[in-house]
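Q: Dropping a structure here in C-alpha cells format, bear with me for questions.
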Amino acid sequence: TATVLAASVYREGLKNVAAGANPVYLKRGIDKAVEAGVTKLLRDSKKVSDREEVRQVATVSANWDDEIGEIIADAMDKVGKDGTITVEEAKSIETTLEVVEGMQFDKGYLSPYFCTNNDTMESVLDDCFVLIHEKKITALNDLLPLLQIVSKQGKPLLIIAEDVEGEALAALVVNKLRGTLNACAVKAPGFGDRRKEMLRDIAILTGGRCLTEDLGIKLENVQLADLGQAKRISVDKENTVIVEGSGKASDIQGRVKQIRRQIQETTSDYDREKLQERLAKLAGGVA
Numbered sequence: 020t021a022t023v024l025a026a027s028v029y030r031e032g033l034k035n036v037a038a039g040a041n042p043v044y045l046k047r048g049i050d051k052a053v054e055a056g057v058t059k060l061l062r063d064s065k066k067v068s069d070r071e072e073v074r075q076v077a078t079v080s081a082n083w084d085d086e087i088g089e090i091i092a093d094a095m096d097k098v099g100k101d102g103t104i105t106v107e108e109a110k111s112i113e114t115t116l117e118v119v120e121g122m123q124f125d126k127g128y129l130s131p132y133f134c135t136n137n138d139t140m141e142s143v144l145d146d147c148f149v150l151i152h153e154k155k156i157t158a159l160n161d162l163l164p165l166l167q168i169v170s171k172q173g174k175p176l177l178i179i180a181e182d183v184e185g186e187a188l189a190a191l192v193v194n195k196l197r198g199t200l201n202a203c204a205v206k207a208p209g210f211g212d213r214r215k216e217m218l219r220d221i222a223i224l225t226g227g228r229c230l231t232e233d234l235g236i237k238l239e240n241v242q243l244a245d246l247g248q249a250k251r252i253s254v255d256k257e258n259t260v261i262v263e264g265s266g267k268a269s270d271i272q273g274r275v276k277q278i279r280r281q282i283q284e285t286t287s288d289y290d291r292e293k294l295q296e297r298l299a300k301l302a303g304g305v306a
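Just so we're aligned, residue 20 is where the sequence shown starts under the numbering used here, counting upward by one.
Pasting the structure below:
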C-alpha cells in the first residue's frame, strides 16, 4: 500500500511540475497532506486487543493467507508486543514457527571441544555461572583464580569476552576434557559502544557485573559475587541462548524502560532497529 501511494504521489507530482507548478510549494503541500493523512489515520485507528484481532490483521496483510495469519498470531501470542518476529527462508516447503526462549545472540563457542552433546554439537550448561568481560582474555594466570573458585562450586561456567585465546582458551579446553570444569567461552556480541551496552544487558539479565575498564576490577580479583547466573545456557557453533537469568526483575524492568526511552528519542532508523532488538531480548522473545 505504501509503495502504491508513493508511486501515485510521485506520478502526480511530476505532472504538476511539468504543468508549471513550483516544486518547492508542491513539496510543502505534500508534507501538509501527509501530516493531515497520518493524523486522520491515527484518530481512526483501533488497537488490536486479542489474538483473534491479530490473526485477522495478519491474514489481510498476508494477502488473505489464513495459514500465514495463524502463524503470525501464534508468534505474537508467544513473544508479546516487545518481542521480535523475523522471517527466514525454510529448508523445506513447510512454513513453521520457531520460538527462542530467553536471550539469544549470534556468537557461538570458540572451540568444538566445549560441546557437551556431540550429536547436536551443542554445549549445554545447567545452573551455571556467567563471566562477562569487556576485554580479550589470553593469560592463564589472570583466569586461574576464578577457575579455581568456580570449580569448587561444582557448577559450569560460561565466559563472554571480546575474545578468549592462547593459554587461557587451552586451559578451558583441557579442564573441560578432563572433567575438572564444564566451561564454555564465546565472543561478546556487537561492536564498539553497542557491544558494551549488550554486555550490560546480559549482566542485568543474569544478575552479574559487566567487567569494564572503568570499574577497575582486574580479572584475577573477580569473585563469585561478580558473576551472573542462569538456569540454562545452550551454545552451538553460531548462537548462544540464555534461559532464566538470575537478575532482579526490578533491574530488568528499569533497563527495559531505559531502552524504550532511547527508542523514542533516537532519530536514526538503524539505531532504533538495534535498540528494538535489545528490547526484545530483554523483555520479550524472538520468533
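We put the beta carbon where it would ideally sit given N, CA and C, even for glycine. Just so it is clear, the structure is predicted and the values come from calculations on it, not from any experiment.
Any contact between the stretch 269 to 289 and the stretch 190 to 209? By contact I mean 3 or more CB pairs, one from each, below 8 angstroms.
A: Short answer: they don't touch.
Q: In the stretch 179 to 214, which residue ranges form an unbroken beta strand (DSSP E) of at least 3 residues, counting only runs that do not cross its ends?
A: Counting only runs of 3 or more, we get 202 to 206.
Q: Name the DSSP bridge partner or partners of residue 128?
A: DSSP lists 205 as partners of residue 128.
Q: Which one of 91, 118 and 100 has the shortest CA to CA distance from residue 79?
A: The residue with the shortest Cα to Cα distance from residue 79 is 91.
Q: If you drop the 5 nearest sequence neighbours on each side, which residues of the same chain put their C-beta closer than 7 angstroms to that of residue 187?
A: So the list reads 156, 157, 158, 159 and 162, once near-sequence residues are dropped.
Q: Exposed or buried, residue 141, counting other C-beta atoms within 10 Å across all chains shown (16 or more means buried)?
A: Under this definition residue 141 is a buried residue.
Q: Do you know how far the Cα of residue 85 is from the Cα of residue 96?
A: Cα to Cα, the separation comes out at about 16 angstroms.
Q: Output the distance between the C-alpha atoms of residue 267 and residue 151, rounded to the nearest integer angstrom.
A: If you take the alpha carbons of residue 267 and residue 151, they lie about 17 angstroms apart.
Q: Does the beta-carbon of residue 288 have 16 or more other beta-carbons within 10 angstroms, so that it is buried, or is it exposed?
A: Its Cβ having fewer than 16 others within 10 Å, residue 288 is exposed.
Q: Less than 9 angstroms between the C-beta atoms of residue 262 and residue 253, yes or no?
A: Cβ distance < 9 angstroms, so residue 262 and residue 253 count as in contact.
Q: Can you name the start and end residues of the beta strand (DSSP E) that residue 308 belongs to?
A: Lying before the first or after the last residue shown, residue 308 is absent from the chain, which here runs from 20 to 306.
Q: Do three or more CB pairs link the stretch 208 to 225 to the stretch 128 to 145 at distances below 8 angstroms?
A: No: the two stretches stay apart, fewer than three of their Cβ pairs being nearer than 8 angstroms.
Q: In this structure, does DSSP put residue 34 in helix, strand or coil?
A: Helix at residue 34.
Q: In three-state terms, what does DSSP make of residue 149?
A: If DSSP states are grouped into helix, strand and coil, residue 149 belongs with the strands.
Q: Determine the DSSP secondary structure at residue 240, reduced to helix, strand or coil.
A: Three-state DSSP puts residue 240 in a helix.
Q: Can residue 228 and residue 181 be called in contact, C-beta distance under 9 angstroms?
A: No, Cβ-Cβ distance for residue 228 and residue 181 is not below 9 angstroms.
Q: If you draw a straight line from the C-alpha of residue 170 to the C-alpha of residue 191, how long is it?
A: So the alpha carbons of these two residues sit roughly 12 angstroms apart.
Q: Whose C-alpha, out of 240, 49, 154 and 70, is nearest the C-alpha of residue 31?
A: It is 49 whose Cα lies nearest to the Cα of residue 31.
Q: Would the stretch 101 to 121 count as touching the stretch 227 to 247 if we require 3 or more Cβ pairs under 8 angstroms?
A: The stretch 101 to 121 is not in contact with the stretch 227 to 247.
Q: Expressed to the nearest angstrom, what Euclidean distance is found between the alpha-carbon atoms of residue 165 and residue 274?
A: One C-alpha to the other measures close to 28 angstroms.
Q: Just to confirm, is the Cβ distance from residue 123 to residue 23 under 9 angstroms?
A: No, the Cβ-Cβ distance between residue 123 and residue 23 is not below 9 angstroms.
Q: Please tell me whether residue 256 and residue 132 are closer than 9 angstroms, where the distance is taken between their beta carbons.
A: For residue 256 and residue 132, no; Cβs fall outside 9 angstroms.
Q: Give me the residue from 216, 230 and 284 with the minimum Cα distance to residue 301.
A: Ranking 216, 230 and 284 by Cα distance to residue 301 puts 216 first.
Q: What are the start and end residues of the beta strand (DSSP E) that includes residue 259?
A: Run containing residue 259: 259 to 264, per the beta strand (DSSP E) assignment.
Q: Report back the beta-carbon spacing between residue 209 and residue 149 to the nearest angstrom; my notes put them in contact at under 8 angstroms.
A: Contact flag wrong, Cβ pair sits at about 17 angstroms.
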